[in-house]
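Just so you know, our numbering puts 518 at position 28 of the sequence shown, and the rest follows in order with no gaps.
Even glycine gets a Cβ: it sits at the ideal position worked out from N, Cα and C.
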Amino acid sequence: MAAQPVSRMLRRVLRSSVRSCSSGAPVTQPHPGEPSQPAVECLHSRAVWGLAFIIQIKGPSHLSQDVKIKVRRASWQVPSGRRRFLREHAAPFSAFLTDSLGRHHSYLRISLTEKCNLRCQYCMPEDGVPLTPKADLLTTEEVLTLARLFVKEGVDKIRLTGGEPLVRPDVVDIVAQLHQLEGLRTIGITTNGISLARLLPQLQKAGLSAINISLDTLVPAKFEFIVRRKGFRKVMEGIHKAIELGYSPVKVNCVVMRGLNEDELPDFVALTEGLPLDVRFIEYMPFDGNKWNFRKMVSYKEMLDTLRQQWPELEKLPEEESSTAKAFKIPGFRGRVSFITSMSEHFCGTCNRLRITADGNLKVCLFGNSEVSLRDHLRAGASEEELLSVIGAAVGRKKRQHAGMFSISQMKNRPMILIGG
491 MAAQPVSRML RRVLRSSVRS CSSGAPVTQP HPGEPSQPAV ECLHSRAVWG LAFIIQIKGP
551 SHLSQDVKIK VRRASWQVPS GRRRFLREHA APFSAFLTDS LGRHHSYLRI SLTEKCNLRC
611 QYCMPEDGVP LTPKADLLTT EEVLTLARLF VKEGVDKIRL TGGEPLVRPD VVDIVAQLHQ
671 LEGLRTIGIT TNGISLARLL PQLQKAGLSA INISLDTLVP AKFEFIVRRK GFRKVMEGIH
731 KAIELGYSPV KVNCVVMRGL NEDELPDFVA LTEGLPLDVR FIEYMPFDGN KWNFRKMVSY
791 KEMLDTLRQQ WPELEKLPEE ESSTAKAFKI PGFRGRVSFI TSMSEHFCGT CNRLRITADG
851 NLKVCLFGNS EVSLRDHLRA GASEEELLSV IGAAVGRKKR QHAGMFSISQ MKNRPMILIG
911 G
């Protein structure tokens, strides 16, 4: 119920003169017809990154805390996404994790390792990739230090990726320590499933709440061709172990590649009839070393048309805020099917994701090639405020959207295994 008064108050502040705020004078006035409200005392304002102002204000006495907000310097009109957020939430979101377009980054993906026990065609070259020296990778304490900082600023979901995160010896301990962070609601992991059946009971006890498992085919021989290793049976065991332990839905990620596995789409969908799976078909994306070709990409619409030939009753589900997936369900089926349309229909406008690579670089966009090393700042003894300034500067530079399909294919970027997905 407190959201509406706070929203009105903040909108009035944003319309007010920064000059008034700088002087410490009250910066709000009631609108005609509105009841008089206590003035808002400006505690602090400063320009940051050349892009925006951080304004800290003291609200009316009924508010439990002071409010820190960011507004663009070029215009005092709040972006539509920001207005929507202010209407819906009483507590303001961290300015350091809010970009110049008003997108709030509450989801952090942390790569725990560059190592993997598979060699998937779409993820890395057949002969592997040069790995970062161990001394240059984030230590466990550095991972947790960064996680604590991001959660303190408003991140409520962390996903552990790789490489293959389950090859990291202390992955269970990392999950357990993340589980202690106040405000962190979801701890997820994306895994190839090879070691999942063995480790999942420990991971669940430690606090793991969400699982994504990569599986691109239901044919064992084709599995070995795609991932260049054996292990199909172990992956299936991992999926069934997750279901057995009560995870629902268990998300299954399938990268669809023309001439390789697009004929298996109906078989994957059939799995959702009796199992609590969310089968997610992912458009094939270009990364260094995966020999991407647009002719290999099967678009979301083509996949959907194929499935509707067999299941015309396939119905679209409401889209969740900041979701990357378009979800559908066949009436009567236990699970559902989703499409991640990174190439044909981007979802940049609602992106809430940031990524930290295993060597400690912050990536604000999966397809972007600009990175900033948080590891170097940590090891140089940066304070929390200094780290936040570095993070805020990177987030503030985030583009409106990634380039078009053909531009993406020509963009220099890391192999997927070195990014963390």
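Could you tell me if residue i is buried or exposed, where buried requires 16 or more neighbouring beta carbons within 10 angstroms of its beta carbon?
i	result
Y584	The sequence shown places Ser at residue 584, not Tyr. Its Cβ being crowded by 16 or more others within 10 Å, S584 is buried.
E616	exposed
T814	buried
G678	buried
S860	exposed
K791	exposed
L797	buried
E604	buried
S738	exposed
I728	Before going further, note that residue 728 is Gly rather than Ile in the sequence given. Buried, because 16 or more other Cβ atoms sit within 10 Å of the Cβ of G728.
Q670	exposed
I693	For the record, residue 693 in the displayed sequence is Leu; it is not Ile. Burial call: buried.
E672	exposed
G592	buried
G653	buried
T651	buried
L668	buried
R675	exposed
E643	buried
P802	exposed
P623	exposed
P582	buried
K819	buried
Can you tell me where the beta strand (DSSP E) holding residue i begins and where it ends?
i	result
S704	A700 to S704
L674	Note, L674: premise wrong, no beta strand (DSSP E); not H, not E.
K647	K647 to T651
R688	Note, R688: premise wrong, no beta strand (DSSP E); alpha helix (DSSP H) at L686 to A696.
V709	Where V709 is concerned, there is no enclosing beta strand (DSSP E), given that its DSSP letter is neither H nor E.
C744	V740 to V746
E773	L767 to E773
K853	N851 to K853
What residue does the alpha helix (DSSP H) around residue i start on, and which one ends it?
i	result
V725	F722 to E734
F758	L755 to L761
D866	L864 to R869
T796	Y790 to Q800
V885	E874 to G886
Under 8 Å by Cβ, that's how I've got residue i and residue j pegged, so tell me the actual separation to the nearest angstrom.
i	j	result
L434	V641	Examination of residue 434 is not possible in this model, given that the chain is present from 491 through 911 alone.
P655	T630	That pair is no contact at about 13 Å.
L794	F829	7 Å
H594	L844	The pair is not a contact, with the Cβ atoms about 11 Å apart (cut-off 8 Å).
Y665	L598	Reading off the sequence, residue 665 comes out as Val, not Tyr. Their Cβ separation, rounded to whole angstroms, is 14 Å, which puts V665 and L598 out of contact at 8 Å.
V725	L698	Not a contact, Cβ separation roughly 17 Å.
E805	P821	7 Å
T762	V827	6 Å
So, at 8 Å on beta carbons, what are the nonlocal neighbours of residue i in its own chain, with the 5 sequence-adjacent residues on each side left out?
i	result
R719	N607, L608 and R609
G749	K786
E874	L639
E876	H867
V657	T603, K605, C606, N607 and S685
S554	Confidence at S554 is low in this model, with a pLDDT of 41, below 50, so the placement of that residue should be treated as unreliable; the coordinate-derived value is given next. Same-chain partners within the cutoff: there are none.
Whose C-beta lies closer than 6 Å to the C-beta of residue i among residues of the same chain, with five residues either side of it excluded?
i	result
E632	L868
K914	Here the chain comprises residues numbered 491 to 911, so residue 914 is not present and cannot be evaluated.
P766	S738, P739, R824 and G825
N702	T680, K741 and N743
L621	E604
K816	F829
W539	Unreliable placement is indicated for W539, whose pLDDT of 35 sits below 50; no coordinate value is reported for it.
G832	The sequence shown places Ser at residue 832, rather than the Gly named in the question. Same-chain partners within the cutoff: E773 and M775.
T840	S812
K888	D589 and V854
Ignore the nearest five residues each way along the sequence and tell me which others in residue i's own chain have a CB closer than 7 Å to its CB.
i	result
T707	F713, I716, N751 and E754
L636	I846 and L864
G764	R824
P710	F722
R890	L591 and C838
Q800	P756
query: Can you list the beta strand (DSSP E) stretches of 3 or more residues lying completely in the region 586-645, in chain order?
result: 597-601
In chain order, each beta strand (DSSP E) run of at least 3 residues that lies wholly inside the region 808-842: 815-819 and 826-830
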